[in-house]
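Here is the structure we will look at.
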Amino acid sequence: MKKIFIFALLAVIANSIVAQDLIITSEGDSINCKITKVKNDFVYFTFKHNDQIRSTLLPKINVKAHIFNYYQTGEVPKEKVIGFENYKHFRFAVNGGYSYLTAKVAESVPADFKNYVNDLKSGYNFGSDLTYYFTEPLGVGVKYYVLKSSNSLDDIYLQYNNGNVAYGKMSDDLTISFIGPMFSTRLLNKNKSNAFIMNLSLGYIDYSNNKTLIDKYKMSSGTMGLSYDIGYDIGLTENLLLGFQISFITATLTEYDWFDGTTTETIKLEKGQFESLNRIDFSIGIRLIK
77 MKKIFIFALL AVIANSIVAQ DLIITSEGDS INCKITKVKN DFVYFTFKHN DQIRSTLLPK
137 INVKAHIFNY YQTGEVPKEK VIGFENYKHF RFAVNGGYSY LTAKVAESVP ADFKNYVNDL
197 KSGYNFGSDL TYYFTEPLGV GVKYYVLKSS NSLDDIYLQY NNGNVAYGKM SDDLTISFIG
257 PMFSTRLLNK NKSNAFIMNL SLGYIDYSNN KTLIDKYKMS SGTMGLSYDI GYDIGLTENL
317 LLGFQISFIT ATLTEYDWFD GTTTETIKLE KGQFESLNRI DFSIGIRLIK
């Protein structure tokens, strides 16, 4: 943290040149340099010699003293110092956009309701993710995303096994959320203002559907899912970017709980009847980097 603080402070004071340190050798020589590491036996540093930037070390027995930030300006550009990290470590993204569930409509759906189910496959998404990049191209983080979709149809009827007929409304209010750890790769452009982003995440998917089929019901379940993001961030300012992203989410429900207002029944689906939650998201959002 000390080095990060020093680099942040001196970037304001000296722009592209870091403050320099002083090494005094046991023979009385003074070296204008940038100390990169101090170990029990050696002092590591970068210095300028004959217009060339060099990195070397001295045994501590040959060092009489070393003083950090002794020179307010120095000879070694900060990007030449070993250990200097000229990139942003943190990225916080907020997204929103259009979602489409890619599964085909089941053959068992009556023809009169196929358009209804097709309309329910389209919805909107929103969410955020936070990433820490431990190197310029590689990072880890966490993401949370939500899909919302709804549809309704009036004046439907149901005919029960005993011959009775009921009239009313059919509706679905669907919420699918995803939360999980994330691995991220990042490719910055030359001036580090824009970035190509790829994220891979394995997480938990929560499924909830508040249904009306004359009466009110709730269908709920949970499963594991895989998410893959491809995006591009465009710098607006030093710390603010505009991002575009395509996400692919894959998951499958093998069972669900059905609540009719008084009792809950767990329905286990047979193979071939599993419900696919696969979808594609198109989103746009703001990114904060630091």
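Numbering (my numbering), first residue to last: 77 to 366. Where is the CB? At the ideal position from N, CA and C, for every residue including glycine. On a predicted model such as this, the values are computed, not experimentally measured, just so you know.
Comparing C-alpha positions only, which one of the options sits nearest to residue i?
{"i": "Ile365", "options": "Thr330, Lys292 and Ala169", "result": "Ala169"}
{"i": "Leu289", "options": "Gly337, Ser184 and Glu212", "result": "Gly337"}
{"i": "Lys287", "options": "Ser296, His165, Asn108 and Leu316", "result": "Ser296"}
{"i": "Phe254", "options": "Asn145, Leu353 and Ala182", "result": "Leu353"}
{"i": "Ser225", "options": "Thr112, Arg167, Glu341 and Gly173", "result": "Gly173"}
{"i": "Arg167", "options": "Leu316, Arg355 and Ile322", "result": "Leu316"}
{"i": "Asn265", "options": "Leu234, Glu212, Phe259 and Asn285", "result": "Glu212"}
{"i": "Ser131", "options": "Gln148, Tyr147, Ile100 and Asn108", "result": "Asn108"}
{"i": "Asn162", "options": "Val241, Asn267, Thr299 and Ser106", "result": "Asn267"}
{"i": "Glu351", "options": "Asp195, Ser269, Asn201 and Glu183", "result": "Glu183"}
{"i": "Phe335", "options": "Met300, Ser284 and Ala327", "result": "Ser284"}
{"i": "Ser359", "options": "Leu196, Tyr200, Ser269 and Met300", "result": "Tyr200"}
{"i": "Leu229", "options": "Val185, Asn191, Gly104 and Arg355", "result": "Asn191"}
{"i": "Met300", "options": "Lys113, Ile252 and Ala179", "result": "Ile252"}
Residue i: buried (16+ other C-beta within 10 angstroms of its C-beta) or exposed?
{"i": "Asp305", "result": "buried"}
{"i": "His142", "result": "buried"}
{"i": "Lys110", "result": "buried"}
{"i": "Leu133", "result": "exposed"}
{"i": "Ile137", "result": "exposed"}
{"i": "Glu346", "result": "exposed"}
{"i": "Asp97", "result": "buried"}
{"i": "Val88", "result": "Caution applies to Val88, whose pLDDT of 44 falls short of 50 and renders its modelled position unreliable; the value that the coordinates give is listed next. By the neighbour-count rule (16 or more Cβ atoms within 10 Å), Val88 is not buried but exposed."}
{"i": "Gly361", "result": "buried"}
{"i": "Ala84", "result": "Because the pLDDT of Ala84 is 45, which lies under 50, any placement of that residue in the model is unreliable, and the question is left without a value."}
{"i": "Phe123", "result": "buried"}
{"i": "Phe121", "result": "buried"}
{"i": "Tyr271", "result": "Correcting the residue type first, residue 271 is Ala in the shown sequence and not Tyr. Per the 10 Å Cβ criterion, buried."}
{"i": "Leu214", "result": "exposed"}
{"i": "Asn171", "result": "buried"}
{"i": "Ala242", "result": "exposed"}
{"i": "Pro135", "result": "exposed"}
{"i": "Lys344", "result": "exposed"}
{"i": "Gly203", "result": "buried"}
{"i": "Gly348", "result": "exposed"}
{"i": "Val119", "result": "buried"}
{"i": "Lys219", "result": "buried"}
Less than 9 Å between the beta carbons of residue i and residue j, yes or no?
{"i": "Asp205", "j": "Asn227", "result": "no"}
{"i": "Ser198", "j": "Tyr221", "result": "no"}
{"i": "Leu302", "j": "Leu329", "result": "no"}
{"i": "Ile325", "j": "Gly319", "result": "no"}
{"i": "Pro257", "j": "Gly279", "result": "yes"}
{"i": "Thr207", "j": "Val193", "result": "no"}
{"i": "Leu223", "j": "Leu263", "result": "no"}
{"i": "Lys140", "j": "Ser102", "result": "yes"}
{"i": "Tyr308", "j": "Ile273", "result": "yes"}
{"i": "Asp282", "j": "Ile322", "result": "no"}
{"i": "Glu331", "j": "Thr342", "result": "yes"}
{"i": "Tyr209", "j": "Ser260", "result": "yes"}
{"i": "Asp291", "j": "Gly244", "result": "yes"}
{"i": "Asn145", "j": "Ala95", "result": "yes"}
Assuming residue i is part of the alpha helix (DSSP H), what are its boundary residues?
{"i": "Asn194", "result": "Lys190 to Leu196"}
From what residue to what residue does the beta strand (DSSP E) around residue i run?
{"i": "Pro135", "result": "Gln128 to Pro135"}
{"i": "Gly172", "result": "Phe166 to Leu177"}
{"i": "Pro257", "result": "Val241 to Leu264"}
{"i": "Phe210", "result": "Here Phe210 belongs to no beta strand (DSSP E), and DSSP marks it neither H nor E."}
{"i": "Lys140", "result": "Val139 to Tyr147"}
{"i": "Asp105", "result": "Note, Asp105: premise wrong, no beta strand (DSSP E); not H, not E."}
{"i": "Glu183", "result": "Here Glu183 belongs to no beta strand (DSSP E), and DSSP marks it neither H nor E."}
{"i": "Asp333", "result": "Glu331 to Phe335"}
{"i": "Glu341", "result": "Thr340 to Lys344"}
{"i": "Asp117", "result": "That residue, Asp117, is in no beta strand (DSSP E); it is neither H nor E in DSSP."}
{"i": "Phe358", "result": "Arg355 to Ile365"}
Is there a Cβ of chain C sitting closer than 9 Å to that of residue i, yes or no?
{"i": "Ala179", "result": "The displayed structure is made up of one protein chain only, and chain C is not part of it."}
- Item | 3 or more residues per run - each beta strand (DSSP E) lying fully within the region 279-316 | 291-311
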